[in-house]
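Line order of the protein sequences matches chains A and B.
For the first sequence, counting from 1, position 138 maps to 137 in numbering that gives the first Met the number 0; every step adds exactly one.
For the second sequence, counting from 1, position 94 maps to 93 in numbering that gives the first Met the number 0; every step adds exactly one.
Note that CB positions come from ideal geometry on N, CA and C, so glycine has one too.
Predicted model, so just to flag it, every value in this text is computed and none were measured.
There are 2 protein chains.
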Amino acid sequence: MSGESSRNAPMLGPRGQARRRALLDAAAKLFVEKGFEKTTLSDIVHLAGGSRATLYEQFGDKEGLFRAVMEENNRRISEQMAAAHANSWRGPEAALTSFGLRFVWALMDEQIFAVLRILITEAERLPAVAEAFWEIGPDTGVQRVADYLRHAAASGQLRVEDPLMAAHAFIAMITTNMIMRRLMLPQAPVDMAAVETMVRASVRLFLDGVRMPSCPQEATP
Amino acid sequence: MSGESSRNAPMLGPRGQARRRALLDAAAKLFVEKGFEKTTLSDIVHLAGGSRATLYEQFGDKEGLFRAVMEENNRRISEQMAAAHANSWRGPEAALTSFGLRFVWALMDEQIFAVLRILITEAERLPAVAEAFWEIGPDTGVQRVADYLRHAAASGQLRVEDPLMAAHAFIAMITTNMIMRRLMLPQAPVDMAAVETMVRASVRLFLDGVRMPSCPQEATP
DNA sequence: GATACACTGTACTGTACGGTACGCAAATGC
DNA sequence: GCATTTGCGTACCGTACAGTACAGTGTATC
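Printed below as a string of structure tokens:
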């Protein structure tokens, strides 16, 4: 309220820039570890060095700091997502499996997961931040799959009524159980191998469904 | 610590019983509305009548009150779940659709959803409560579906490798998108009709998958 | 090397809230 | 109707924490 110096990196010298980095890093670490409410500004300053005054100078207030941290995080995730494609030149099973595994790995990343949890609890307070995360994270993932499905349908490999809906379903199948378990039973261990077999099984289910094929043809080997 | 009078309804007269009810109701309402941290004991007493002293008398501390509220809530959900079956005497498509719709309706219930959100944020603090919710809620739902799938597989209607995993996948397909959207974009409206068509489409996808059938037989009507 | 400026440390303010102590009043039971 | 239990109101304590004020110190720029 006093000055506009609390905006985005206002003419900061080399020292200030370093402090800003340190503050952002410390804040990210602590927010992720303890959540927004339970992280105190003193904690952050303690870890980052410097003083609370600097923090207020640079970020305005606690929420401003949080916003800055999350925006940076979003940028990082965005880059990570850019690497994930479903390679259409392989068969559907291989393509979906490799994509699914990559997607699930990303979600198992402690950092990303913690951000997810924080945003869930903070979504009311910061809808814009939550929305941005949603768009660059889950939404682009779904879009990638949808694109692949559309492409595979066009080339006659798959038969997909509604690619977007099918993509949602696919992502849900491979992620939900793990996400919900980790959200609600945080102390339960995550079994990486189990996750992988789950992804593979999900892909087969997604491809073939559970209905008895109407023409008996393939005996299970 | 001082006395054991803070346990479960210790010899409470009719007046005390009424207060306890009022406190529980008020607490439930406020916890659901504002979350655990942001609900103050004064808020609760304000709404329920009585005094903080009574609250401490009956529930020991804030966490005790929360626990009591959640246990009651769990009881309610448990009853609600008892009503949901997949009727095996209908065809798979009808059975799964009706079960899915019922399950999704339950999740769209404001009350239940709010509890879900609170437990996600409070899971670290109160693992036992979260676990109980998980077991009587999602887990029994999945079990119901798994039972149905097993049954349908045994009678030759469906071909299911791993009923439990398939049940997880099915529930995930029909719930995830809605849950995640509501968790992270709380202000986005929920379109009931869209949810219903999503469930129907998911059931079809779950039954038939997306792979081109190997024997050309049925032309889509 | 004087000047302006940006970072730092610290001390302070205000407030919100969980929890406690205690005296009082109204039920409840005999 | 008297005694005891049980709930009620209030005042109080300790603490945690966001935010502010300010004086001091290092650091660039001329």
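Inset, instruction - Note down the Cα distance separating L125(B) from Q186(A), rounded to an integer number of angstroms. - result: 11 Å
Legend entry - Coarse secondary structure for R203(A), derived from DSSP in three states: helix
Inset, instruction - Taking only the alpha-carbon atoms, compute the straight-line gap between A145(A) and L22(B) and give it to the nearest angstrom. - result: 49 Å
Inset, instruction - With 7 Å as the C-beta to C-beta threshold (strictly closer), list the residues of the stretch 181 to 209 of chain A near chain B in chain order. - result: L182, M183, L184, P185, Q186, M197, A200, S201, L204, F205, L206, D207, G208, V209
Inset, instruction - Can you check the stretch 99 to 146 of chain A for any alpha helix (DSSP H) of at least 4 residues that lies completely inside it and give the ranges in chain order? - result: 109 to 121, 126 to 133
Legend entry - Cut-off 8 Å between Cβ atoms - residues of its own chain near L204(B), not counting five sequence neighbours on either side: M172
Legend entry - Residues that V159(A) contacts on chain B, provided the C-beta gap is smaller than 7 Å: V209
Legend entry - Touch test, the stretch 133 to 140 of chain A against the stretch 64 to 78 of chain A, Cβ-Cβ under 8 Å, three pairs minimum: yes
Inset, instruction - For chain A, find out if any of its Cβ atoms is closer than 9 Å to the Cβ of G140(B); answer yes or no. - result: no
Legend entry - Identity of the residues DSSP links to L157(B) by a beta bridge: R210(A)
Legend entry - Cβ-based burial, V189(A) [other Cβ within 10 Å; buried from 16]: exposed
Inset, instruction - Give a yes or no on whether the minimum CB-CB distance between A17(A) and chain B is below 9 Å. - result: no
Inset, instruction - Could you pull the start and end residues of the alpha helix (DSSP H) that T174(B) belongs to? - result: 162 to 183
Legend entry - Spatially closest choice to L82(A) from F169(A), A67(A), A105(A), D24(A), by CA coordinates: A quick correction: the sequence has Ala, not Leu, at residue 82(A). It is A105(A) whose Cα lies nearest to the Cα of A82(A).
Inset, instruction - Look at R152(B) and R158(B) and say whether their C-beta atoms are less than 9 Å apart. - result: Reading the sequence as shown, one finds Ala at residue 152(B) and not Arg. Yes.
Legend entry - Beta-carbon proximity list for V194(B), same chain, < 7 Å, skipping 5 on both sides: V103, M177
Legend entry - Through-space distance from R14(A) to L46(A), alpha-carbon basis: 17 Å
Inset, instruction - Classify G155(A) as buried or exposed, calling it buried when 16 or more other Cβ atoms lie within 10 Å of its own Cβ. - result: exposed
Legend entry - Segment contact flag, the stretch 83 to 102 of chain B with the stretch 38 to 55 of chain B, C-beta cutoff 8 Å, min 3 pairs: no
Inset, instruction - With 9 Å as the threshold, decide whether the Cβ of F132(B) is near any Cβ in chain A. - result: yes
Inset, instruction - State yes or no: is the C-beta of I43(A) within less than 9 Å of the C-beta of A26(A)? - result: yes
Inset, instruction - Determine the closest residue to T38(B) out of F65(B), R19(B), G49(B), V128(B), with distance taken between C-alpha atoms. - result: F65(B)
Inset, instruction - Run down chain A in chain order and give the residues with a C-beta less than 7 Å from the C-beta of H167(B). - result: N176
Legend entry - Pair within 9 Å by beta-carbon distance, T120(B) and R116(A): yes
Inset, instruction - State the DSSP-derived secondary structure class of T39(A), mapped to helix, strand or coil. - result: coil
Inset, instruction - Would you list, in chain order, the members of the stretch 107 to 124 of chain B that have their beta-carbon closer than 9 Å to a beta-carbon of chain A? - result: L115, R116, L118, I119, T120, A122, E123
Inset, instruction - With a threshold of 16 other CB atoms inside 10 Å of the CB of M164(A), please say whether the residue is buried or exposed. - result: buried
Inset, instruction - Report buried or exposed for G99(A), applying the criterion of at least 16 other Cβ atoms within 10 angstroms of its Cβ. - result: buried
Inset, instruction - Please decide whether L148(B) counts as near chain A, where near means a Cβ-Cβ distance under 9 Å. - result: yes
Inset, instruction - Kindly say whether S170(B), judged by its beta-carbon, lies nearer than 9 Å to any beta-carbon of chain A. - result: For clarity, residue 170(B) is Ile in the given sequence; the question names Ser instead. So yes, I170(B) belongs to the interface.
Inset, instruction - Determine the contact status of E32(A) and A127(A), defining contact as a CB-CB distance below 9 Å. - result: no
Inset, instruction - Pull up the CB-CB distance for I170(B) and G208(B), whole angstroms please, since I reckon it's below 8 Å. - result: Not a contact, Cβ separation roughly 17 Å.
Legend entry - Best match in S97(B), M69(B), W88(B) for proximity to I111(B) [C-alpha to C-alpha]: M69(B)
Legend entry - Residue burial classification, S201(B) (beta-carbon count within 10 angstroms, cutoff 16): buried
Inset, instruction - Measure the CB-CB distance between E160(A) and L184(B) and report whether it falls below 9 Å. - result: no
Inset, instruction - Identify which residue in H84(A), R199(A), L118(A) has its Cα closest to the Cα of H150(A). - result: H84(A)
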